[in-house]
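S.K.:
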């Protein structure tokens with residue numbers, strides 16, 4: 001069946017959450033949002049492109065930082081309202097220069113930092 | 001630093017997305033939503049509890065199906081507006097009885113089903 005980006009379910013703002021997962025390690029790196037055009041651009045270019053809610057513009061991941069995300073596999077869930085992009089991540093996914101945005105855990109009621117910013 | 005559930009950023013509906021990841025395989029199993037009370041219940045009970053937007057009630061994952069999610073690690077992202085729950089999943093995470101909700105890929109413009117429903 002041909003994939004139609006308009007068959008996905010976008011929220012009232014026209015957005016769908018996209019989880020980025022490393023294709024090799026399986027690590028969950030970040031979650032951001034796409035609109036229908038960002039879905040199309042991601043599939044057409046193979047470069048993961050989000051919609052920046054704060055800047056209200058397309059956000060080709062890594063365009064300024066060089067920390068690009070190459071699309072390895074594009075998946076969506078049973079409700080068609082969440083995306084999973086399996087990617088090859090160059091450098092850090094997080095703007096704090098950590099590999100993943102999910103670097104804080106809650107253990108025994110306390111916040112614990114799990115990883116350091118990457119070198120360089 | 002002590003963790004305060006009210007320090008997380010909830011959307012205008014009082015919800016935060018939660019990504020569930022298998023603690024062993026690293027597989028991304030599903031994404032659902034929590035409100036502040038669901039966050040508290042999840043941490044207190046060790047049983048992952050979402051907020052069902054359709055039923056407008058707490059949804060203790062697996063309560064009816066037996067497909068429970070035991071919390072292994074609770075993490076949040078740099079913006080404090082997305083959760084990652086690392087879990088031990090009993091049976092299928094998806095209501096279609098598939099291990100993961102992300103069982104459809106888009107490859108060469110075509111939808112491709114990646115996994116079958118589980119047995120039994």
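Protein chains in written order, with the UniProt record's numbering: chain L, 1 to 120; chain W, 1 to 120. Glycine is no exception: its CB is placed at the ideal position from the N, C-alpha and C atoms.
In whole angstroms, give me the CA-to-CA distance for residue 52(W) and residue 26(L).
M.R.: As a working mapping, residue 52(W) is identified with position 52 in the second chain. As a working mapping, residue 26(L) is identified with position 26 in the first chain. Between the alpha carbons of residue 52(W) and residue 26(L) lies a gap of roughly 27 angstroms.
S.K.: Look at the Cβ atom of residue 88(L), then the Cβ atom of residue 106(L), and state whether they are nearer than 8 angstroms.
M.R.: Translated into the one-based positions of the first chain, residue 88(L) becomes position 88. Translated into the one-based positions of the first chain, residue 106(L) becomes position 106. Their beta carbons are not under 8 angstroms apart, which means residue 88(L) does not touch residue 106(L) by this criterion.
S.K.: Would the beta-carbon of residue 20(W) fall within 8 angstroms of that of residue 39(W)?
M.R.: In the second chain, residue 20(W) corresponds to position 20, counting from 1. In the second chain, residue 39(W) corresponds to position 39, counting from 1. No, Cβ-Cβ distance for residue 20(W) and residue 39(W) is not below 8 angstroms.
S.K.: For residue 104(L), count neighbouring C-beta atoms within 10 Å of its own C-beta (all shown protein chains included) and say buried if the count is 16 or more, exposed if not.
M.R.: For the purposes of this step, residue 104(L) is taken as the residue at position 104 of the first chain. It counts as buried.
S.K.: Looking at the secondary structure, which residues open and close the alpha helix (DSSP H) in which residue 38(L) lies?
M.R.: For the purposes of this step, residue 38(L) is taken as residue 38 along the first chain, with counting starting at 1. Looking at the DSSP string, the run of the alpha helix (DSSP H) that includes residue 38(L) is 36 to 45.
S.K.: So, are the CB atoms of residue 90(L) and residue 117(L) less than 8 angstroms apart?
M.R.: Sequence index remark: in the first chain, residue 90(L) carries index 90 (1-based). Sequence index remark: in the first chain, residue 117(L) carries index 117 (1-based). Contact flag unset, no.
S.K.: Going by alpha carbons, who is nearest to residue 24(L) out of 43(L), 79(L), 70(L) and 98(L)?
M.R.: Against the first chain, residue 24(L) aligns to sequence position 24. Of the listed residues, the one whose Cα sits closest to residue 24(L) is 70(L).
S.K.: Mind listing the chain L neighbours of residue 49(W)? Cutoff is C-beta to C-beta under 7 angstroms, in chain order.
M.R.: Mapped onto the second chain, residue 49(W) falls at position 49. The premise fails here: residue 49(W) is roughly 15 angstroms from chain L at the closest Cβ pair, so nothing lies under 7 angstroms.
S.K.: Skipping 5 residues on each side, what residues in its chain have a beta carbon closer than 7 angstroms to that of residue 46(L)?
M.R.: By one-based count along the first chain, residue 46(L) stands at place 46. For residue 46(L), where only same-chain residues beyond five positions count, the Cβ hits under 7 angstroms are 70 and 71.
S.K.: Per DSSP, what are the beta-bridge partners of residue 30(W) in this structure?
M.R.: As a first step, residue 30(W) must be located in the second chain, where it is residue number 30. Residue 30(W) pairs with 20(W).
S.K.: Using DSSP's beta-bridge definition, name the partner residues of residue 52(L).
M.R.: Working through the first chain from its first residue, we reach residue 52(L) at position 52. In DSSP, residue 52(L) forms a bridge with 57(L).
S.K.: Please identify the residue among 102(L), 92(L) and 22(L) whose C-alpha is closest to the C-alpha of residue 119(L).
M.R.: As a working note, residue 119(L) is residue 119 in the first chain. Restricting attention to 102(L), 92(L) and 22(L), the CA atom closest to the CA of residue 119(L) is found in 92(L).
S.K.: At 7 angstroms on the CB atoms, spell out the chain L contacts of residue 46(W), in chain order.
M.R.: As a position in the second chain, residue 46(W) is number 46, starting the count at 1. Correct list: empty, because the minimum Cβ distance to chain L is about 12 angstroms.
S.K.: Could you check whether the Cβ of residue 109(L) sits closer than 8 angstroms to any Cβ belonging to chain W?
M.R.: Numbered from its first residue, the first chain carries residue 109(L) at position 109. Chain W contact via Cβ: present.
S.K.: Around the Cβ of residue 2(L), are there at least 16 other Cβ atoms within 10 angstroms (buried) or fewer (exposed)?
M.R.: One-based indexing of the first chain puts residue 2(L) at position 2. Answer is exposed; the Cβ neighbour count stays below 16.
S.K.: Based on DSSP bridge pairs, tell me the residues matched to residue 13(L).
M.R.: The count along the first chain starts at 1 and reaches residue 13(L) at position 13. Paired residues: none, contrary to the question.
S.K.: Can you give the beta carbon distance from residue 84(W) to residue 28(L), rounded, assuming they're within the 8 angstroms contact cut?
M.R.: Counting from 1 along the second chain, the entry for residue 84(W) is found at position 84. Counting from 1 along the first chain, the entry for residue 28(L) is found at position 28. In this structure, residue 84(W) and residue 28(L) form a Cβ contact; the two beta carbons are roughly 6 angstroms apart against a cut-off of 8 angstroms.
S.K.: Out of 31(W), 36(W), 5(W) and 4(W), state which residue places its alpha-carbon closest to the alpha-carbon of residue 14(W).
M.R.: The count along the second chain starts at 1 and reaches residue 14(W) at position 14. Cα-wise, what sits closest to residue 14(W) is 36(W).
S.K.: Of all the options 16(L), 6(L) and 98(L), which has the alpha carbon lying nearest to the alpha carbon of residue 65(L)?
M.R.: As a position in the first chain, residue 65(L) is number 65, starting the count at 1. The shortest Cα separation from residue 65(L) among 16(L), 6(L) and 98(L) belongs to 98(L).
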